[in-house]
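Taking it in order: structure first as structure tokens, then the write-up.
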Amino acid sequence: MRTVLHRIAMLIMREGRRMCSRPLYVFCMVIAPLFCYIFFTTLMADGLPTNLPVGAVDQDNTSTTRALLRNLDAFQQTHITAHYKDVTEARRAMQRGDIYAFYYIPQGTTADAIAGRQPRVSFYTNGSYLIAGSLLYKDLLTMTVLANASIGQQTLLARGATEQQALGFLQPILIDTHPLHNPWLNYSVYLSNTLIPGILMLLIFLVTVYAIGSEVKEGTAQTWLRTAGGNLPLALAGKLLPHTIVFFIMAAGYNVYLYLILGYPCNSGIIPMLLASFLMVLASQSFGIFLYGLLPSLRFALSAASLWGVISFSISGFSFPVMAMHPTLQALSVLFPLRHYFLIYVDQALNGYPMLYSWEAYFALLVFALLPLFILKRLHKALLHYRYIP
Amino acid sequence: MKLINLRSTLHEGLSDIFHVWSMEMRNVFRDAGVLIFFILVPLGYPLIYAFIYTNETVREVPVVAVDESHSATSREFLRRVDGAADVHIVAWAADVEEAKSIMREKGAYGTIYVPEEFNDRLAHGEQATVSIFCDMSGLLYYKALLSTCTEVSLDMNRSIQVERLGGATPRQSEVSTRPIEYEYVTLFNPQNGFASFLIPAVLMLIIQQTLLLGVGMSVGTFREKNRFLELSSIDEHHHGTFRIVIGKSLAYLMIYMLMGTYIACFVPHLFSLVQLADSWTLASFMLPYLLACIFFAMTASAVVRNRETCMLLFVFTSLPLLFISGISWPGASVPTFWKVLSWVFPSTFGINGFVHINTMGAALTDVSSEIRALWIQTGFYFVTTCLVYRWQIVRSLKVAGIKGNK
């Protein structure tokens, strides 16, 4: 027992020296994740984009249409930045990227509306900027419905209806929406909660593979194993323990930052998320070991780790839902640790369900943490006999 | 005399450039690691992404219905919602609690709740409410549920109004229920699909990132083996650094002209994404983009010390770069500090320019600001590349000198 502890201490010190002697470790373990925490949360600090540039083509130009555009401008997401003389000119402005949408009011709209000739207005949004386009669509539609209602209401009130009756007539069925636990539709809540752990995960994959692979590359693998008395699990544990500590501090750091400082929804309390983060660190490190054992070439293992880490963001389904993907991909998504972390986040921090509801996802992360067991033999052979191949 | 001098300089310069070019070409094609980044990733990655997003939108989002009204109108409302393409009612719950427990079990992503007094209120000519509760783990669920319910309600509102107006002719009642008609057009992405929005941006990012990785790996190898020394013989000539940089970048440019054509023309076609590009506009945009990316990658490679470290340094930047470009989080809402930082990277202008040309059919004059920015970057990073290469060569000479003295 004493020799085991002694060996672990030696391994930790050895790894500590390696980590301190290369700026690469500090960069990948601390600087890069910190940068991303700050980047994503400050980029989307507003929660929802505000004052998106919108164009107006007002060929009618009456006091009514001017009032309508003024009201539209007052909407939080919309900011009317320019007037164009016709649709072609507005479309060109959209192609240049000056505006994300425009509102078109043809000549005679006011007169036709008053005379009951039912004029037609149009609004155009830019579908290639999906978020801006959908947000503006909502504003433009609401404005049109409101304009309709105000004309209708004037007519009805003039006929002697009460305001209540007028509303009941103009909009008999009203949809009342409750976006659960993110009522502000805050994009940073929606994205940062998965982007940030995803980036940390990618970096853990890479650093773990690099830490093991560089031993082979530099021809120090045998000294490393000797320090552990030839015991590979001990060698791995001692070498990667310092990484586990640093990465867990970084993971706990974003939990504190997101949930305690920025006040993002954390309805489960922070403990289930800290547990998920801890398991995520272990799962990612183990996945890194597994990859290197499977492909004992530094370059291949790093390439595979990059591929896995980057695909995670798409296949975990936090932006585009997994249920809408091809069935093959739905099945493959369980092979990505970020998918399970995302499911835990949704159940725990976002929805505040009891932990029992997410046991499968916690368990899945644990299974990832056991992956190295399958390749120990292969890895041992690789460390002892393989030579570095560029 | 002077003419001969000029001719011999020119001849020497061209042969130096050719020498560096052929050396680099050989390096690239002999190095499986670099080939992965230059050929395999650009070929394969777009296909993976297109496969993931191939369905464009979510359909049939599972929801629970709670109908406490039990009336013909409430049943019709729910039937119409169920019939729409984007929403599918998977269960009927007795109350909201039961619906919530179904959502907890992940049987559904939303609940539509029709309260008891729904029909009475309608009968009295008052406003009746339908509540929807939506799981916010994905915004697309919310969007599907909200837009479907809104559309159905607008539709039913109109028929309720027409019914109430009784005697009026259909035309009259239409006019008084909807004095202004409206039309909504989503330009450049008729389905409002995810692939048509994200893939063009990812394609441009792949060009920049694979160049960063490939050039980084090749330079890392050079530094490990101290092969900058080999270049020093050329560097001794006057303006030798220029020749090295031009020769190498020419090799990269040739490879990426092919890969760029595949990425910018073939991939969107393969997945029938919107493709409105005019070929000349696209070509005059892609040239500065490729050059800016090449020189940017050559400059950035200065931080790569070892063959493999390029992956640790560059891979994670793909996500911040995608977001900073303004394609997903709108550029107009990117804070000034990040906006200014985004001008450092060719991908910012590359993504926006390509989306404008390919997806929105912009003409050359519409993207002139992006093209100008890319040419400025090309010039700037060309100079920095020369400085960086000069520094590497001088350093490798010193290292060799120390070794030689020993």
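Chains A and B, in that order, are what the protein sequence lines are.
Heads up, the final residue of the first sequence is numbered 390 in the working numbering, and it's a clean run with no missing numbers.
Heads up, the final residue of the second sequence is numbered 1406 in the working numbering, and it's a clean run with no missing numbers.
The beta carbon of each residue, even a glycine, is placed where N, CA and C say it ideally should be.
- Residue contact check for Leu1374/B against chain A: no CB pair falls below 8 Å.
- Interface with chain B (8 Å Cβ-Cβ cutoff): Gly253/A is excluded.
- In terms of Cα proximity to Leu366/A, the closest of Tyr388/A, Ser277/A and Arg299/A is Ser277/A.
- Residue state for Tyr254/A is assigned as helix, using DSSP reduced to three classes.
- Rounded to whole angstroms, Val334/A and Val216/A show a C-alpha spacing of 31 Å.
- Between the beta-carbon of His79/A and that of Leu48/A there is about 13 Å, and that puts the pair past the 8 Å contact cut.
- By the Cβ test, the region 255–266 of chain A is not in contact with the region 224–240 of chain A, since fewer than three Cβ pairs between them sit closer than 8 Å.
- By the Cβ neighbour-count rule, Thr227/A is buried, with 16 or more other Cβ atoms within 10 Å of its own.
- Apart from sequence neighbours up to five positions away, no residue of its chain approaches Cys1265/B with a beta-carbon distance below 7 Å.
- Contact between the region 182–200 of chain A and the region 1150–1160 of chain B is not established, with fewer than three Cβ pairs separated by less than 8 Å.
- At a cut-off of 8 Å between beta-carbon atoms, Ala276/A makes no contact with chain B.
- Taking every protein chain shown into account, the CB of Asp58/A has 16 or more other CB atoms within 10 angstroms, so this residue is buried.
- Phe336/A: not part of any alpha helix (DSSP H); DSSP gives it neither H nor E.
- The region 161–169 of chain A makes contact with the region 1110–1130 of chain B; the number of CB pairs closer than 8 Å reaches 3 or more.
- Distance from the CA of Ser21/A to the CA of Gly230/A, rounded to the nearest whole angstrom, comes to 25 Å.
- Note that the C-beta distance between Ala101/A and Leu146/A is not below 8 Å.
- Comparing alpha carbon positions, the residue from Leu291/A, Thr110/A, Ser306/A and Glu15/A closest to Leu68/A is Thr110/A.
- Under the Cβ distance rule, Ala158/A does not count among the residues neighbouring chain B, no pair being separated by less than 8 Å.
- Arg14/A and Gly253/A have their C-alpha atoms roughly 26 Å apart.
- For Thr1261/B, no beta strand (DSSP E) encloses it; the enclosing alpha helix (DSSP H) starts and ends at Gly1240 to Thr1261.
- The C-beta distance from Ala1201/B to Ile1357/B rounds to 13 Å, too long to fall under 8 Å, and the pair is not in contact.
- When C-beta distances to chain B are compared with 9 Å, the residues of the region 279–312 of chain A below that value are Leu298, Arg299, Phe300, Leu302, Ser303, Ala305, Ser306, Leu307, Gly309, Val310 and Ile311, in chain order.
- Listed along chain B is no residue with a C-beta nearer than 8 Å to that of Met273/A; the closest approach is about 15 Å.
- At a C-beta separation below 9 Å, Cys36/A has these neighbours in chain B: Phe1316, Leu1319 and Pro1320.
- Taking a Cβ-Cβ threshold of 8 Å, the residues of chain A close to Asp1135/B are Leu180, Val346 and Asn351, in chain order.
- The beta carbons of Cys28/A and Val207/A sit about 5 Å from each other, so the pair counts as a contact at 8 Å.
- Here the alpha carbon of Gln1191/B sits roughly 27 Å from the alpha carbon of Glu1076/B.
- Per the DSSP secondary-structure output, Tyr357/A pairs with nothing in a beta bridge.
- The CB of Leu167/A comes closer than 7 Å to the CB of Gln1127 in chain B, given here in chain order.
- With contact defined as three or more Cβ pairs closer than 8 Å, the region 1205–1214 of chain B and the region 1359–1367 of chain B are not in contact.
- Taking one beta carbon from each stretch, the region 1375–1383 of chain B and the region 1319–1330 of chain B have fewer than 3 pairs nearer than 8 Å; the two do not touch.
- For Leu130/A, the nearest CB of chain B lies under 8 Å from its own CB, placing it at the interface with that chain.
- If you draw a straight line from the Cα of Ile311/A to the Cα of Arg1178/B, it comes to about 48 Å.
- Contact of Gly1013/B with chain A is not assigned, every C-beta pair being separated by 8 Å or more.
- Within its own chain, the residues whose Cβ lies closer than 6 Å to the Cβ of Leu279/A, once the five positions on either side in sequence are excluded, are Leu365, listed in chain order.
- When DSSP reads this structure, Phe102/A sits in a beta bridge with Gly55/A and Tyr124/A.
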